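**Student:** Residue numbers (this note's numbering): 62 to 137.
C-beta: ideal position from N, C-alpha, C; glycine also.
In this text the structure is predicted, and so the values were computed from the model without any measurement.
Take this structure, written in structure tokens, and hold onto it; I'll ask about it next.
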């Protein structure tokens with residue numbers, strides 16, 4: 062497991078200590094959990110909740126219905 066050194070001012074380190082104690086985890090674990098929450102590769106929950114809320118996109122045939130017939134290609 063790698064280690065990272067970060068520098069925090071006195072006020073911030075006290076907030077970290079208090080928050081970690083309230084969560085009943087080590088300061089290192091509390092910071093790692095916070096980083097995990099902000100460094101993810103999936104869509105945010107708000108985006109996932111939007112699934113199915115928009116109308117279904119039209120099919121290819123529906124989109125091309127008003128375009129008419131294609132002109133046949135000339136033979137090579």
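1. By Cβ distance, which residues of its chain are closer than 8 Å to residue 127, with the 5 residues on each side in sequence left out?
2. Does residue 74 come out as helix, strand or coil in the three-state DSSP assignment?
3. Tell me where the alpha helix (DSSP H) around residue 108 begins and ends.
4. Going by Cα to Cα distance, which pick from 69, 99 and 101 is closest to residue 88?
**Tutor:** By the coordinates alone:
1. The sequence position of residue 127 within the chain shown is 66, counting from 1. Sequence-distant partners of residue 127 (beyond 5 residues in either direction) whose C-beta falls short of 8 Å from its own C-beta are missing from its chain.
2. Position 13 of the chain shown, counted from the start, is the residue given in the question as residue 74. When secondary structure is reduced to three states using DSSP, residue 74 falls in the helix class.
3. Sequence index remark: in the chain shown, residue 108 carries index 47 (1-based). Unbroken alpha helix (DSSP H) run through residue 108: 106-110.
4. The residue labelled residue 88 in the question sits at position 27 within the chain shown. For residue 88, the closest C-alpha among the options 69, 99 and 101 is that of 69.
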